Amino acid sequence: MRFIAPRSEHTVKLQHHLGGIENLGPINPETRVFVEPWEQRIFGIHTTMMAESAHLADALPAYPVRDLPTRFKSDWTWASLRTGAEDMQPFEYFKYRYYEKWLGGIAQFFVDAGYISTEELAEKTAFYRAHPDAALPDRPSAPLASQINAYLQQGDSGYHEADRAPRFAAGDTVRIADPEAVDHTRLPGYLRNKAGTIDIVYPGRFSYFVSTGVDGIGKPMPVYRIAFEAADIWGPGKSESSTTIYADLYEAYVRAAN
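The UniProt record's numbering numbers the first residue of the sequence shown as 1 and each following residue consecutively.
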């Protein structure tokens, strides 16, 4: 089954940050991170892909990813995972549980990148359905296990020292941009075109390990914490009084108020 639906160039990503969307049904109060054992394995697969990702060659920690004994030579970041979910048709998106979306996105990535064919994936799926107790692939080798542990401890920081002054300062009133819809964005839909106040200018600059194209992020840039009055976002009739919403946003999403 292909989980990722075709994307329209101007589709609004309703499923990216759900604030303000009404009639989504009852809230699931489940507090467990993993409900089923297979969900832990999906999280582990994603983590291993992150730890082996080619983009780590340029990350702040010095990772020997080019020398790892692995066939995996692609970039895989949180953006890669989120793109699969955000690219789904919204009505399809709400059919699946959290880690089902992860599974669909990861599986489709391996097919699209040529690591496995659709037929091979179907064959493996049928085999493990028929033999759920069959042995799983070997655990990572010592070098891969060491890399995974190092990644879990150090991450893939995109922090850079500042080389210019930020465009805005704490206390400035700003308006949020409304860029063209793309495969993946870090801009919540409910903040587009809204006015807010710069609360904190974070020191340094921060990169995103993939480029979002016309959305505007990728290269290192300042990041701001911006305060919004809830009533200015959703209207006074649908907001609790004296409620402030804070969002960390890349400078590419921030405009002067006038």
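Glycine included, every Cβ here is placed at the ideal spot set by N, Cα and C.
Every value quoted in this text rests on a predicted model; they were computed, and no experiment measured them.
Quickly, what does DSSP pair D232 with across the bridge? List them, please. None, per the DSSP bridge assignment.
Ignoring anything shorter than 3 residues, give me the beta strand (DSSP E) runs that lie fully in the UniProt domain "Nitrile hydratase beta subunit" (161-255), in order along the chain. 173-176, 195-201, 223-229, 244-250
Per DSSP, which residues does residue 263 bridge with? Please list them. Given a span of 1 to 258 for the chain in the structure shown, any question on residue 263 remains unanswerable.
Proximal residues to H46 (C-beta, below 7 Å), its chain only, five neighbours per side dropped: L81, W102, I106
Output the boundary residues of the alpha helix (DSSP H) element that contains L68. L68 -> no alpha helix (DSSP H), and no H or E assigned at all.
Starting from the Cα of A59, find the closest Cα among F94, Y208, T83 and give me that residue. Y208
For F168 and I226, the rounded distance between their alpha carbons: 11 Å
In angstroms, rounded to a whole number, what distance separates the CA positions of E92 and R192? 24 Å
Go through the segment 80-151 residue by residue and report every complete run of the beta strand (DSSP E) that reaches 3 residues or more, in order. none
Hey, would you say residue 284 sits closer than 8 Å to I198, going by beta carbons? This structure does not reach residue 284, given that the chain is present from 1 up to 258, and the question cannot be answered.
Please classify I176 as buried or exposed, where buried requires at least 16 neighbouring CB atoms within 10 angstroms. buried
For the alpha helix (DSSP H) containing R41, list its first residue and its last residue. 37-52
Relative to the C-alpha of A165, which residue among P188, D87, R205, G104 is closest? R205
Compute the distance between the beta-carbons of I42 and Y96, then report whether it is under 8 Å. no
If A195 sits next to D232, beta carbons under 8 Å apart, how far is it from one beta carbon to the other, in whole angstroms? 6 Å
Once you ignore the five residues that flank S53 on each side, which residues in its own chain have a CB closer than 6 Å to its CB? D75, W76
In or out: D87 buried (at least 16 other Cβ within 10 Å) or exposed? buried
Kindly list the residues whose CB is nearer than 6 Å to the CB of F109, restricted to its own chain and excluding five residues on each side of it in sequence; keep chain order. none
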